[in-house]
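All you need for our numbering is the position in the sequence shown, starting with 1, plus 65. Taking it in order: structure first as structure tokens, then the write-up.
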Amino acid sequence: MKAKAYVIALWVLLWFGVATIWVEGRWAASVLEAGIFGLSAAAMFQRGPIRWHWALGILTAIAAWGVVQRAFHWTLAPAQTEWAILYWLAAACFVGLGLATGRESFLSGLLWFGAAMSALALAQLYTSKGQILWFIPTHEDDRIFGVFPNYNNYAAFIELLFPLALWRTLKSRRNWWIYAAVASVMFGSVIASTSRAGTALVTLELAAVPLLAMRRDAAKQRSGARLLLIVTGVMAFTLVAGPQAVWQRLWQPDPYALRREFLESAMAMVRARPLTGFGLGTWTTAYPAYAVADFGVIANHAHCEWGQWAAEGGLGVVALMAALFVLALRSGIKCVWSIGLTAVMIHACVDYPLVRLGLGSWWFAMLGAAIGRSPKNRDSPQPARE
């Protein structure tokens, strides 16, 4: 299997993960896990061991911790922990293959898919009526964003790709205006999603990418006109999306309502089992005994992934994820297009962008791509043919 074939196969898996993120059943995640395990096995069989990085060790250690929880009966729901073990092993595989395919062509496949998804999100803005692609019914009675029923998950998806579009606008020798248009559509779609965290984070990315890019003389020489086009496009698509809804949400009297109670419950769970946790993947089972309020709905997630990691895995899992956060932060400084990795981890403080493997797989694969670049190739302009 040639290197290009691995890139295409990884694209297909990542595209499938997002395209089926609306699926409520387990089958979509299982197909994605089986696919990445099979692709990783093929890569190791034909190309030798996957390049090692300590990030792989962290993810493997989290999966191993789930095995320990299962073996010592520290988990409240063994089956849920078993599913979680598969999730973390799949995450390690996505990082490993990202390490092997961290090239411009791989990133292009992700960016163009994200561009199509953001255009679809704007097209569906007032017409979807809670239906995926206008014909697949969901439990939502509001707007759908591409194939994302959850607006915060959609915003986190764009947070990953928006810096890449900005970076290529500033660094590309040809067709830079196309990337400026892509960045503008992406920004507008996040405004349309009404995600407060997403709006704040893409706005910070809009400021951070040019600042980091202009550290380099090559970017300074051609950044003026490009920045002007980006700002103009962003303002135009913000008006198209309609900023009123997100503006009203930003000024709500208690923006942390509901999330505060979930976090308090998570902290109570951490105090009860700080070291062992309640078992990876067992939030839904463990939460009712520690709920501080009854909202009349099933709490599938903590709305703070850091708190959920602590409740399920104990403080050790949080420490391991904090190490990945530091790695993502360092990668964003050295490899500017990857600052979206840090943005998503910050978003995880108030939501759950990585819980679903369909979206989490993108974060892990892009982390692998960022850390897999050799120092001399980091942030290099894309080839002229692109």
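Built from N, CA and C at the ideal position, the CB exists for glycine as well. Keep in mind the model is a prediction, meaning the values are calculated, not measured.
Cβ neighbours of residue i in the same chain (closer than 7 angstroms, five flanking residues each side left out)
i	result
A84	V212
L266	E224, A408, I411 and H412
S183	I223, V250, M251 and S254
L121	A157, V160 and G161
Sheet register partners of residue i (DSSP bridge)
i	result
P202	Q196
F110	DSSP output for F110 lists no bridge partner at all.
F210	F213
Proximal residues to residue i (C-beta, below 6 angstroms), its chain only, five neighbours per side dropped
i	result
A149	G131, L345 and G346
Q145	G346 and T347
P143	R135
P214	W87, T203 and E205
Cβ-heavy atom distance, residue i to the ligand MN, below 7 angstroms
i	result
P418	Judged by which ligands are present, the structure shown has none, so any question about the ligand MN falls away.
C-alpha gap between residue i and residue j, whole angstroms
i	j	result
T350	Y219	26 angstroms
A68	T166	8 angstroms
R291	A246	11 angstroms
P339	A367	17 angstroms
V296	L229	16 angstroms
Y417	F110	35 angstroms
R336	E329	11 angstroms
A99	V415	30 angstroms
E270	I404	8 angstroms
A126	S95	21 angstroms
A301	G163	35 angstroms
G378	F81	28 angstroms
L392	W241	29 angstroms
P320	R314	8 angstroms
L323	A364	11 angstroms
R325	I73	42 angstroms
A70	A106	14 angstroms
P275	L293	11 angstroms
Y355	F327	9 angstroms
I123	L380	14 angstroms
Beta-carbon spacing of residue i, residue j below 8 angstroms
i	j	result
W402	W232	yes
A331	A384	no
A221	L424	yes
A248	G179	no
V305	L187	yes
G517	W76	In this structure the chain extends from 66 to 451, so residue 517 is not present and cannot be described.
L176	F343	no
F200	S258	no
S426	L172	no
L154	A181	no
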